[in-house]
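Protein chains in written order, with the numbering used here: chain A, 404 to 561; chain B, 9 to 328. Every residue gets a Cβ at the ideal spot worked out from N, C-alpha and C, and that includes glycine. A quick note: this is a predicted structure, and the numbers were derived from the prediction, not measured. One structure is given below, encoded as structure tokens.
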Amino acid sequence: MRQFTTSLALPAVAAGIATLAGAAIAVGIITSPTTAAEPGAAGPAPVVAEQAMPGMSMPAGGSPTAASGQDAPVATNAVAIQNFAFSPAIVTVKAGTTITWTNRDQDSHTVTAMPGGPFHSPTLNTGQPYQYTFTTPGRFDYLCTIHPFMTATVVVTP
Amino acid sequence: MTTLESAHGPEGGPVGMSRRQLLRHTAWFGAAVVLTVTSGEVISHLGTPPAAAAAVAQDPHALRFVQISDSHLGFHGPANTDVTGSFSRAINQVNTLGFRPDFVMHTGDLTHLSTPAQFDQVRQMLGGLRTGQVFTVPGEHDSVDDHGQKYRAAFGSGTRGDGWYSFDIKGVHFIALVNTLALEKLGHLGTDQLEFVRKDVAGLSSDTPIVVFSHIPLFAMYPTWGWGTDDATQALSYLRRFSSVTCLNGHVHQLFTKTDGNVTFYSATTTAYPLPHPGQGPGPIPLTLPAGQLGPALGIRDVSYQPGQHALAIRDRRLA
Chain A
404 MRQFTTSLAL PAVAAGIATL AGAAIAVGII TSPTTAAEPG AAGPAPVVAE QAMPGMSMPA
464 GGSPTAASGQ DAPVATNAVA IQNFAFSPAI VTVKAGTTIT WTNRDQDSHT VTAMPGGPFH
524 SPTLNTGQPY QYTFTTPGRF DYLCTIHPFM TATVVVTP
Chain B
9 MTTLESAHGP EGGPVGMSRR QLLRHTAWFG AAVVLTVTSG EVISHLGTPP AAAAAVAQDP
69 HALRFVQISD SHLGFHGPAN TDVTGSFSRA INQVNTLGFR PDFVMHTGDL THLSTPAQFD
129 QVRQMLGGLR TGQVFTVPGE HDSVDDHGQK YRAAFGSGTR GDGWYSFDIK GVHFIALVNT
189 LALEKLGHLG TDQLEFVRKD VAGLSSDTPI VVFSHIPLFA MYPTWGWGTD DATQALSYLR
249 RFSSVTCLNG HVHQLFTKTD GNVTFYSATT TAYPLPHPGQ GPGPIPLTLP AGQLGPALGI
309 RDVSYQPGQH ALAIRDRRLA
């Protein structure tokens with residue numbers, strides 16, 4: 404019996420997409436994500452890895468803000484919200500610094516600390532700024548609640 | 009094994025895998041979901057021949073419901089400059105299906121920014137559906153700044169916890185889950201809701217067909233973009249003993265099907281604007297398609313179930 408899992412460690416997704424006759428409806432089909440964990444269960448393992456890779460390695464030509472989390476920290480007190488990403492994705496400031504986020508997108512965004520965190524902006528429309536003063540050293544992860552895939556970090560040093 | 013009937017379309021999708029790649033892919037993996045493609049529709053069924061799916065339409069005892077999703081009322085952008093108009097067309101399409109569905113389920117992102125005006129508008133528009141009942145689950149866009157309070161004020165009547173519930177119609181047990189309130193990248197159900205699921209199905213016979221609705225997928229469709237639910241495994245473990253479990257979700261704005269043991273997952277498309285296929289581009293950013301191509305990317309889904317059958321028949325229709 405295969406066991407379903409949503410484990411992030413597994414290359415769980417293999418996407419098949421096609422445009423179908425006359426319908427122009429794209430459909431993806433995937434089967435058990437545990438294929439990767441059960442070599443030989445269905446198809447050769449390398450195939451699984453190849454299919455799963457698009458999720459694991461962003462295209463080199465992608466937006467520089469695409470791989471948030473992997474960006475080098477930048478010492479700045481200004482963060483742009485642009486192309487559905489916080490840029491820079493990781494900023495470093497000294498305690499007492501006020502950071503200003505500005506929404507440069509057409510769509511609305513928020514600047515919201517992960518649960519337990521201290522800041523929570525209102526919905527920011529195009530051009531609107533949001534400011535927060537960091538008084539305590541530490542690492543503050545945040546996201547946009549409207550688009551939770553947009554994640555970023557503020558590191559506050561003493 | 010997957011069968012694509014009448015799949016003689018163009019070799020490459022607009023942004024997708026080519027048909028040859030798809031066939032190669034499905035040959036590698038195999039799949040229990042059978043897709044039947046006819047003009048403008050994709051019909052998915054598990055071991056039920058297309059003729060049986062058609063017979064449902066003639067059966068007064070059959071269950072028939074509609075899923076619509078991701079309407080994003082209040083969205084303004086080039087990807088769809090008239091989401092209200094698109095939603096109106098979807099509602100009209102439901103009302104002209106040729107049968108009156110037992111219910112219509114909207115699987116979330118009813119609004120774009122959770123404003124009172126947007127909730128009011130979507131409530132009024134849903135009121136125009138000709139159906140027995142309208143159900144909803146919230147998307148993350150419906151709980152932008154208040155942990156879903158305005159959503160529950162508009163749609164939470166009769167629900168439990170943060171808005172979850174279950175119901176039975178014509179022998180099928182439906183569970184509507186809320187996985188968008190955690191302020192995390194991935195969807196999350198939480199211990200209270202998991203306990204609700206466990207108790208909810210405890211007394212059911214294992215041959216009861218189960219349908220689970222959620223906004224964010226309950227399978228790991230693409231965790232890099234938050235397209236998964238971190239504690240779904242626990243919820244699904246309570247459903248392992250059932251012979252037929254169908255999970256219907258929105259959030260990803262595209263059709264997607266996966267089967268795993270007794271559980272089959274179907275991601276629905278949107279009535280508002282398409283999103284990229286997993287991993288294509290820097291993120292799930294609204295796609296602006298060339299003129300004339302938006303309509304075919306949008307759609308509605310109807311689902312039927314005939315008592316005595318093993319599985320449900322799913323039919324996805326492009327927006328009329």
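Item: Minimum Cβ-Cβ distance from Ile183 (chain B) to chain A less than 7 Å; Value: no
Item: Heavy atom of the ligand FMN within 6 Å of Lys266 (chain B) beta-carbon; Value: Inclusion of the ligand FMN in the displayed structure is not the case, the ligand content being empty and no account of it being possible.
Item: Status (buried if at least 16 other CB within 10 Å, exposed otherwise) for Gly300 (chain B); Value: exposed
Item: Delimiting residues of the alpha helix (DSSP H) encompassing Asn103 (chain B); Value: 91–103
Item: The segment 229–239 of chain B touching the segment 187–197 of chain B, judged by at least three CB pairs closer than 8 Å; Value: yes
Item: Test: Val91 (chain B) CB closer than 7 Å to a CB of chain A; Value: no
Item: Gln317 (chain B), buried or exposed, once every other Cβ within 10 Å from all chains shown has been counted against 16; Value: buried
Item: Simplified DSSP assignment, three categories, for Tyr159 (chain B); Value: helix
Item: Within-7 Å CB hit, Ser490 (chain A) to chain B; Value: no
Item: Chain B within 7 Å of Thr548 (chain A), Cβ atoms only; Value: yes
Item: CA-to-CA distance, Phe182 (chain B) to Phe143 (chain B), given in whole angstroms; Value: 11 Å
Item: Three-way DSSP call (helix, strand, coil) for Asp622 (chain A) in this model; Value: Here chain A has residues from 404 to 561 only, and residue 622 (chain A) is not among them.
Item: Gly169 (chain B) versus B:Phe204, B:Gly140, B:Lys193, residue with shortest Cα-Cα distance; Value: B:Phe204
Item: Bridge-paired residues (DSSP) for Thr505 (chain A); Value: A:Ala483, A:Pro532
Item: Exposure of Ala39 (chain B), with buried meaning 16 or more beta-carbon neighbours within 10 Å; Value: In this predicted model, Ala39 (chain B) has a pLDDT of only 40, less than 50, meaning its place in the structure is not dependable enough to derive any value.
Item: Other residues of its chain near Gly93 (chain B): CB distance less than 8 Å, five sequence neighbours each side excluded; Value: none
Item: Segment limits, alpha helix (DSSP H) that includes Gly303 (chain B); Value: 302–305
Item: Residues bridged to Phe204 (chain B) [DSSP beta-bridge criterion]; Value: In DSSP, Phe204 (chain B) forms no bridge with anything.
Item: Through-space distance from Gly85 (chain B) to Thr503 (chain A), alpha-carbon basis; Value: 25 Å
Item: Residues within the segment 279–299 of chain B neighbouring chain A, beta-carbon criterion of under 9 Å; Value: Pro282, His285, Pro286, Gly287, Gln288, Gly289, Pro290, Gly291, Pro292, Ile293, Pro294
Item: Spatial neighbours of Arg32 (chain B) in its chain, beta-carbon cut-off 8 Å, leaving aside the 5 residues before and after; Value: Reliability fails at Arg32 (chain B), whose pLDDT of 36 lies under 50, so the model's placement of it is uncertain and no value is given.
Item: Cβ-based neighbour list, Asn480 (chain A), same chain, cut-off 7 Å, excluding 5 preceding and 5 following; Value: Val496, Thr500, Thr501, Ile502, Thr503
Item: Interfacial residues, the segment 142–175 of chain B to chain A, with Cβ spacing under 7 Å; Value: Glu148, His149, Val152, Asp153
Item: Beta-carbon neighbours of Phe552 (chain A), restricted to chain B and to distances below 7 Å; Value: Lys193, Trp233, Gly234, Gly291, Pro292
Item: Residue-level contact to chain A via CB, Gly179 (chain B), 7 Å cutoff; Value: no
Item: Alpha-carbon to alpha-carbon, Pro561 (chain A) and Tyr281 (chain B); Value: 45 Å
Item: Chain A contact residues for Leu121 (chain B), given Cβ-Cβ distances below 8 Å; Value: Ser511, Thr526, Ile549
Item: Within chain B, partners of Thr515 (chain A) - CB distance below 8 Å; Value: Leu191
Item: Separation of Leu256 (chain B) from Gln101 (chain B), as counted between CA atoms; Value: 20 Å
Item: Short CB-CB distance (under 7 Å) between Pro518 (chain A) and chain B; Value: yes
Item: Beta-carbon proximity list for Thr515 (chain A), same chain, < 8 Å, skipping 5 on both sides; Value: Phe522, His523, Ser524, Tyr545, Leu546, Cys547, Thr548
Item: Three or more C-beta pairs below 8 Å linking the segment 69–78 of chain B and the segment 109–123 of chain B; Value: yes
Item: Beta-bridge partners of Asp544 (chain A), as assigned by DSSP; Value: A:Thr556
Item: DSSP state of Gln132 (chain B) mapped onto helix, strand, coil; Value: helix
Item: Contact set for Met456 (chain A): own chain, Cβ-Cβ below 6 Å, skip 5 residues either direction; Value: Since pLDDT at Met456 (chain A) reaches only 31, below the 50 mark, its modelled position is unreliable, and the value read off the structure follows with that caveat. Cβ neighbours of Met456 (chain A) beyond the five flanking positions: none.
Item: Contact check, Phe569 (chain A) vs Trp233 (chain B), beta carbons under 7 Å; Value: Since the first residue of chain A shown is 404 and the last is 561, residue 569 (chain A) is not available in this structure.
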